[in-house]
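Protein sequence lines correspond, in order, to chains A and B. Under the working numbering, residues 204 to 369 are what the first sequence spells out, in order. Under the working numbering, residues 105 to 719 are what the second sequence spells out, in order. Glycine included, C-beta positions come from ideal geometry on N, C-alpha and C.
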Amino acid sequence: MLKALVIDPGKCTGCKQCEMACSYENEGEFNVAKSRIRVFDFHTEARFVPYTCTQCAEAWCQHACPVNAITTDHMGVKVVHENLCVGCKVCTIACPFGTVNYNASSGKVIKCDLCQGKPACADACPTGAITYQDTEQAGFDKMKLWAAQAAAATTHEGPNTPAAKH
Amino acid sequence: MGWTRKILRIDLTTGTIKSEPLRMDWAEKYLGQRGLATKYLIEEIDPKTDPLGPGNKMIFATGPLTGTCASTGGRYSVITKGALTNAIACSNSGGYWGAELKFAGWDMVILEGKSPKPVYLTIFDDQVELHDASAVWGTSVWNTDEHIKTKHQDPMMHVAAIGVAGENQVLYSCIVNDLHRAAGRSGVGAVMGSKNLKAIAVRGTKGVKVKDGMAFLKATGEAKKVLAANAVTGAGLPTYGTQVLMNVINEAGAMPTRNHRDIQFEGAHAISAEAMATPRKSDGKKNLLTNQACFGCTIACGRISKIDEKHFTIQNKPQYWHASGGLEYEAAWALGSNTGVDDLEALTYVNFICNEQGLDPISFGATVSAAMELYDLGLLTPAETDGIDLKFGSAEALVKCVELTGKAEGFGKLLGLGSKRLCEKYGRGDLSMSVKGQEFPAYDARGIQGMGLAYATSNRGACHLRGYTVSSEILGIPEKTDPLVTDGKPALVKAFQDATAAVDSSGLCVFTTFAWTLNDIAPQVNAACEGTWTPERLLETGERIWNMERIFNNRAGLTAADDNLPPRLVSEAAKTGPATGLVNGLAKMLPEYYQLRGWTAEGQPTNETMSRLAI
Numbered sequence: 204m205l206k207a208l209v210i211d212p213g214k215c216t217g218c219k220q221c222e223m224a225c226s227y228e229n230e231g232e233f234n235v236a237k238s239r240i241r242v243f244d245f246h247t248e249a250r251f252v253p254y255t256c257t258q259c260a261e262a263w264c265q266h267a268c269p270v271n272a273i274t275t276d277h278m279g280v281k282v283v284h285e286n287l288c289v290g291c292k293v294c295t296i297a298c299p300f301g302t303v304n305y306n307a308s309s310g311k312v313i314k315c316d317l318c319q320g321k322p323a324c325a326d327a328c329p330t331g332a333i334t335y336q337d338t339e340q341a342g343f344d345k346m347k348l349w350a351a352q353a354a355a356a357t358t359h360e361g362p363n364t365p366a367a368k369h
Numbered sequence: 105m106g107w108t109r110k111i112l113r114i115d116l117t118t119g120t121i122k123s124e125p126l127r128m129d130w131a132e133k134y135l136g137q138r139g140l141a142t143k144y145l146i147e148e149i150d151p152k153t154d155p156l157g158p159g160n161k162m163i164f165a166t167g168p169l170t171g172t173c174a175s176t177g178g179r180y181s182v183i184t185k186g187a188l189t190n191a192i193a194c195s196n197s198g199g200y201w202g203a204e205l206k207f208a209g210w211d212m213v214i215l216e217g218k219s220p221k222p223v224y225l226t227i228f229d230d231q232v233e234l235h236d237a238s239a240v241w242g243t244s245v246w247n248t249d250e251h252i253k254t255k256h257q258d259p260m261m262h263v264a265a266i267g268v269a270g271e272n273q274v275l276y277s278c279i280v281n282d283l284h285r286a287a288g289r290s291g292v293g294a295v296m297g298s299k300n301l302k303a304i305a306v307r308g309t310k311g312v313k314v315k316d317g318m319a320f321l322k323a324t325g326e327a328k329k330v331l332a333a334n335a336v337t338g339a340g341l342p343t344y345g346t347q348v349l350m351n352v353i354n355e356a357g358a359m360p361t362r363n364h365r366d367i368q369f370e371g372a373h374a375i376s377a378e379a380m381a382t383p384r385k386s387d388g389k390k391n392l393l394t395n396q397a398c399f400g401c402t403i404a405c406g407r408i409s410k411i412d413e414k415h416f417t418i419q420n421k422p423q424y425w426h427a428s429g430g431l432e433y434e435a436a437w438a439l440g441s442n443t444g445v446d447d448l449e450a451l452t453y454v455n456f457i458c459n460e461q462g463l464d465p466i467s468f469g470a471t472v473s474a475a476m477e478l479y480d481l482g483l484l485t486p487a488e489t490d491g492i493d494l495k496f497g498s499a500e501a502l503v504k505c506v507e508l509t510g511k512a513e514g515f516g517k518l519l520g521l522g523s524k525r526l527c528e529k530y531g532r533g534d535l536s537m538s539v540k541g542q543e544f545p546a547y548d549a550r551g552i553q554g555m556g557l558a559y560a561t562s563n564r565g566a567c568h569l570r571g572y573t574v575s576s577e578i579l580g581i582p583e584k585t586d587p588l589v590t591d592g593k594p595a596l597v598k599a600f601q602d603a604t605a606a607v608d609s610s611g612l613c614v615f616t617t618f619a620w621t622l623n624d625i626a627p628q629v630n631a632a633c634e635g636t637w638t639p640e641r642l643l644e645t646g647e648r649i650w651n652m653e654r655i656f657n658n659r660a661g662l663t664a665a666d667d668n669l670p671p672r673l674v675s676e677a678a679k680t681g682p683a684t685g686l687v688n689g690l691a692k693m694l695p696e697y698y699q700l701r702g703w704t705a706e707g708q709p710t711n712e713t714m715s716r717l718a719i
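This is the structure:
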């Protein structure tokens, strides 16, 4: 089963606990500037949006890397191998979403690797805006919400039998 | 660790910028933020100095837990001599600015002297520069924020700025960071304006380390569970914000109304949290859009609101047709109940302007209320109010007042003096609802007796955040006491004051104490900082800080006579509600309080007290 981070901006308060958890997990210190996940504040629209790598099945960053420093692990996660990365930043250009970033203090790129299957950001999020779910079911909660709306508009017009179809 | 152990010192007169090591011997005794900066201030300035002169200094200080994953660990305070009070000022703010200063590698910034021309400061890690501010001087907080981020091509910067109110040295102007979080009280914005400093923009890429990472994650994780499980911090505050209190305090008969003439407001429901969350009749939309957290906060009590575009305040002003910081209880009370105005949209607009121009909405609202009473008594006339019909309950008058005050135009110049100086000017100093020149917050001391003592003895003038006995007297936290009696209140006030001083020095938000005691906080501090930090040590640190602030005030020339309440609260009985017939019993509480503090009858810490606290 492949799992992914599922982000619901409607539940985000902008507290940045995810950024702190991420930086602590990866850098051993609280440092939001080094976080692989970022919360963006669209304050005039009252929205806070966490954003990070979605682990593309076919990844532009991986294709672009000239030294094969980005590989796919058994969970489908795109992992940067620091010992191979030369800091050329081509992957940061190739990524359409901007979620691979250069870390000036190490001279390498950093990106989300889902913390080896235990993403610290999802664990730290106090409101459930970031969850770690089965990739194939990631949209089901949202589907169910819309289904509920359809359900509210539905009326039963008699017994539900196969014969009614004909 | 916790501390970065570095402070930044900037002499604005000469433009000199220096880095120096943090005095760790002081950090061990005063923890950080409020306490530690108070120690620096008292060592470095003459307490008698003019708060608006170059001899005053201002310190932007973080706590050891600022910039960590401890819930609410993003606070900073501005410590200086207050323009409004001539006493020690310590104004605390959330948002993201404090954590960013820590990430840039600094525990504190000390600002000295006065710049010969308007400047702003940028801090990018170790790269610290002063810049000419002529492009932003005379403009709003919001414009300054945008201008600096654009000019330095860094949208991730966090900016703390004064608006035109601070430039004009309006005596209750504040410092606003992240557009609508503020170091609000005592006129710290005026001090910044007097130094010709418009803003400090910060960006940091260094990390904050703690002493024992595993212990810290465990302690902060357990403490977060306590916040989530508590009815106030887990549900009430995130859902309704501090406005959750509006109906509660009104029913308790402790909501000051029309400059404290009444203590219950007939329009309370119209300006309450419930009203903010109910679709408006005018356009079917809600005033409240969502809640927002400050850095690291798992409570998220902040309000984000949008005003009805057709409302008279903004119908031709598209620049206000967006979401921004909405009403907190204090603003809703001061701008609403205390002026008798029950128009929620108007109050939200006035609150926007307070954020945009950098005004403390508590002191602004209370000053307008006092002016309304002077007008009602015929002491202020339309000739002096620029024709504003300054009647209690007039939203139009309130709106005109806010538009004039920050700019210090016409009648706004008078309002900018604060209620004490304004009322004294008209020979009625008794009508200023203030202590040490600072206006009361949203709890009437006749309906909550302990708050009378808390206000009278607050080191920064009237304030609810120095010793919030409302917690015990109304909400029953940590245990219920009777709000209508004075018995036992001196000890209660002292306990709240000391514990709060410790919390304010840690980097955490005092709102956590609806759920946390020092028993929840000590393990977090202990895991982050060198040494052993027990609840007892924190409480003693808080008491030491309280006494240091008192010593500053005594040296500044304040005396026991300044531990006082306006005559209205001690001689005019409450007319309605549970406190009907009561005045505040300050005279009964004060001597016992001095005794418990180990102070003389003149309010001076005795030599014994000083040596017990190792001051």
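Could you work out which residue in the options is closest to residue i when comparing CA atoms only?
| i | options | result |
| --- | --- | --- |
| residue 268(B) | 686(B), 516(B), 438(B) and 616(B) | 516(B) |
| residue 721(B) | 419(B), 453(B), 528(B) and 428(B) | The first residue shown for chain B is 105 and the last is 719, placing residue 721(B) beyond what the model contains. |
| residue 288(B) | 464(B), 701(B) and 189(B) | 464(B) |
| residue 378(B) | 398(B), 361(B) and 341(B) | 341(B) |
| residue 229(B) | 210(B), 218(B), 216(B) and 243(B) | 210(B) |
| residue 183(B) | 645(B), 387(B) and 151(B) | 151(B) |
| residue 304(A) | 338(A), 274(A), 240(A) and 356(A) | 240(A) |
| residue 171(B) | 143(B), 108(B) and 554(B) | 108(B) |
| residue 111(B) | 127(B), 119(B), 117(B) and 120(B) | 127(B) |
| residue 214(B) | 116(B), 204(B), 238(B) and 277(B) | 116(B) |
Can you pull the DSSP bridge partners for residue i?
| i | result |
| --- | --- |
| residue 233(A) | 312(B) |
| residue 311(A) | 306(A) |
| residue 121(B) | 114(B) |
| residue 206(A) | 337(A) |
| residue 281(A) | 275(A) |
| residue 280(B) | 265(B) and 286(B) |
| residue 251(B) | Beta-bridge pairing links residue 251(B) to no other residue. |
| residue 348(B) | Beta-bridge pairing links residue 348(B) to no other residue. |
| residue 542(B) | 539(B) |
| residue 547(B) | Answer by DSSP bridge pairing: none, since residue 547(B) is not bridged. |
| residue 463(B) | 277(B) |
| residue 409(B) | 392(B) and 428(B) |
| residue 193(B) | 184(B) |
Do residue j and residue i count as a contact pair if the criterion is CB distance below 8 Å?
| i | j | result |
| --- | --- | --- |
| residue 350(B) | residue 323(B) | no |
| residue 242(A) | residue 221(A) | yes |
| residue 510(B) | residue 280(B) | no |
| residue 311(B) | residue 226(A) | yes |
| residue 208(A) | residue 322(A) | yes |
| residue 283(B) | residue 391(B) | no |
| residue 619(B) | residue 334(B) | yes |
| residue 200(B) | residue 645(B) | no |
| residue 163(B) | residue 225(B) | no |
| residue 611(B) | residue 177(B) | yes |
| residue 695(B) | residue 538(B) | no |
| residue 369(B) | residue 467(B) | no |
For residue i, go through chain A and note every residue whose CB falls closer than 8 Å to its CB, in chain order.
| i | result |
| --- | --- |
| residue 328(B) | 329 |
| residue 312(B) | 232, 233 and 234 |
| residue 172(B) | 223 and 233 |
| residue 308(B) | 236 |
| residue 283(B) | 246 |
In chain A, what lies closer than 7 Å to residue i by C-beta?
| i | result |
| --- | --- |
| residue 394(B) | 249 |
| residue 339(B) | None at all; the shortest Cβ gap to chain A is about 12 Å. |
So residue i contacts chain B; which residues on that side make the cut at Cβ distance below 8 Å?
| i | result |
| --- | --- |
| residue 227(A) | 173, 317 and 321 |
Could you work out which residues of chain A lie near residue i, taking near to mean beta carbons separated by less than 9 Å?
| i | result |
| --- | --- |
| residue 332(B) | 329 |
Members of the stretch 208 to 220 of chain A that neighbour chain B once the beta carbon cut-off is set at 7 Å: Against chain B - using a Cβ distance shorter than 7 Å - the residues of the stretch 208 to 220 of chain A are 216, 217, 218, 219 and 220.
Residues, ordered as in the chain, of the stretch 409 to 435 of chain B that lie near chain A by beta-carbon distance below 8 Å: From the stretch 409 to 435 of chain B, only 410, 426, 427 and 428 have a Cβ closer than 8 Å to chain A.
Cβ-based contacts, 8 Å cut-off: residues of the stretch 371 to 404 of chain B near chain A: 393, 394, 395, 396, 397, 398, 399, 400, 401, 402 and 404
Interfacial residues, the stretch 189 to 215 of chain B to chain A, with Cβ spacing under 7 Å: Residues 207.
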